[in-house]
Each structure stands twice: as C-alpha cells, then as structure tokens.
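Here the structure is laid out as structure tokens; the discussion comes afterwards.
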C-alpha cells in the first residue's frame with residue numbers, strides 16, 4: 470500500500486491520509502523524502518545537510534540502502550521552533 474505524500478496537495482482517499490500531520494491520526498508519522506523536505510523547508514539540499522550536520526535541522530532516518538527520509542513530526546517541530554523564535558523579542 471502506497472501512502473500519499475504528506476506534504477503534497479494531491480492527497481487522495483482517506484481523510485486520515487489527507488491529514489497526515491494532524492493529531493486526528495494518532496500513531497501516523499510518515500517518512501518524507503528529500504524533495505518534499507526541500508519544498509517544506511524552502512531550503513536547498515546542501516543547506517539541509519549543512520544544518521543537519523550543525524544540529525539545527527532534524528536528522529534523516531535511513532530507510533533503505535542509499536535512501537533516507539525525515540519524520541514528518543520532526544519537520545513540523547522544526548518549523549514550530551522557527552516560528553516561535555520569530556515571535557520572541559530580540560535580546561538587548
């Protein structure tokens with residue numbers, strides 16, 4: 470069974486699959502490939518890996534020989550931290 474991409478706008482069938490990032494689907498934490506990570510983060514591939522190495526971006530999970538993916542929940546948390554940092558007043 471092939472799950473639809475959690476970051477694409479062309480998700481079909483089950484409402485749970487369409488809301489893969491929603492708490493309405495407990496236990497579902499889909500893998501996200503590099504191209505979708507690039508679209509989600511608006512970072513190029515080299516910048517993603519640079520930030521992974523620096524510890525400022527979630528680390529990928531090996532899923533097959535020569536293939537990695539990211540957990541959707543970790544990408545969402547990364548985004549939330551960035552948005553929260555934007556809202557905090559700058560240190561004087």
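In the working numbering, the protein residues as written are 470 to 561. Where a beta carbon is used, it is the ideal one built from N, C-alpha and C, also for glycine. Bear in mind the structure is a predicted one, so any value in this text is a computation, not a measurement.
The beta-bridge partner set that DSSP reports for residue 531 consists of 537.
Residue 529 is classed as buried because its beta carbon has at least 16 other beta carbons within 10 Å across all chains shown.
Residue 527 places its beta carbon less than 8 Å from that of residue 544. Approximately 18 Å separates the beta-carbon atoms of residue 533 and residue 498; this is outside 8 Å, ruling out the contact.
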